[in-house]
Amino acid sequence: MRLVAVPILTVAFFVAMPASAQGWGYSPSPMPGAPRDTSIGRQLGKIRNDTNAGRRSGQLTRRETRALRRERASIGALQARYSRDGLSDSEKAELQTRVEILHANTVARRSQQRK
C-alpha cells in the first residue's frame with residue numbers, strides 16, 4: 646500500500662502546484678491601449694461643449710475656437726499615446742495639468758469683453 650500511495654501523492658502534489666501559484670482575487674488588467682482614466686476624457690468633453698457654446702453665443706471668435714480645439718485634440722492624442730502602456734502617476738498629472746490650463750483658457754477667453 647505504501648508503494649502505491651507515495652507515487653500517487655507525488656503526482657497529486659505536482660498537479661496542484663500550478664494552481665497554487667495563481668494569486669487570489671486575480672482580475673485581469675484592461676485591454677492594452679484602453680484608457681484607464683476616463684476623468685480626463687470627461688473633462689475634455691466638457692471643454693468641447695463649453696467651446697462650442699462659446700462660439701455659438703459669440704463669446705469666442707473663430708480663431709480662438711480653432712486654437713482651443715487644436716489644443717484639446719493635442720491633449721487627447723497625448724492621452725492615447727500615454728494610455729497604450731498604462732498611465733503612470735506623472736503622466737496622469739501632466740494630462741490633468743494640461744486639461745486644467747485648457748479649461749482656464751476657455752473660461753478666460755469666453756469672459757473677455759468683445760468690442
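First residue of the sequence shown? That's 646 in our numbering, and the numbers climb one at a time after it. Glycine residues also receive a C-beta, built at the ideal position from the N, C-alpha and C atoms.
Per DSSP, Ser-733 lies in no alpha helix (DSSP H) and is assigned neither H nor E. Check the Cα spacing between Lys-691 and each of Gln-757, Ser-756 and Thr-751: the tightest is with Thr-751. Residue state for Gln-724 is assigned as helix, using DSSP reduced to three classes. Between the segment 729–743 and the segment 690–708, the count of Cβ pairs shorter than 8 Å is below three; the stretches do not touch.
Inter-residue distance for Arg-711 and Val-744 is about 16 Å (C-alpha atoms, whole angstroms).
The shortest CA-to-CA distance from Leu-747 to any of Ser-684, Arg-707, Arg-714 and Gln-704 is the one to Arg-714. Residue environment analysis places Ile-653 among the exposed positions, since fewer than 16 neighbouring C-beta atoms fall within 10 angstroms of its C-beta.
Taking every protein chain shown into account, the CB of Gln-704 has 16 or more other CB atoms within 10 angstroms, so this residue is buried.
Around the beta carbon of Ser-728, 16 or more other beta carbons sit within 10 angstroms, so the residue counts as buried. Inter-residue distance for Glu-736 and Gln-757 is about 32 Å (C-alpha atoms, whole angstroms). Annotation: Ala-725 to Asn-694 spans about 20 Å, alpha carbon to alpha carbon. Excluding residues up to 5 positions away in sequence, Arg-700 lie with their Cβ nearer than 8 Å to the Cβ of Arg-707 in the same chain.
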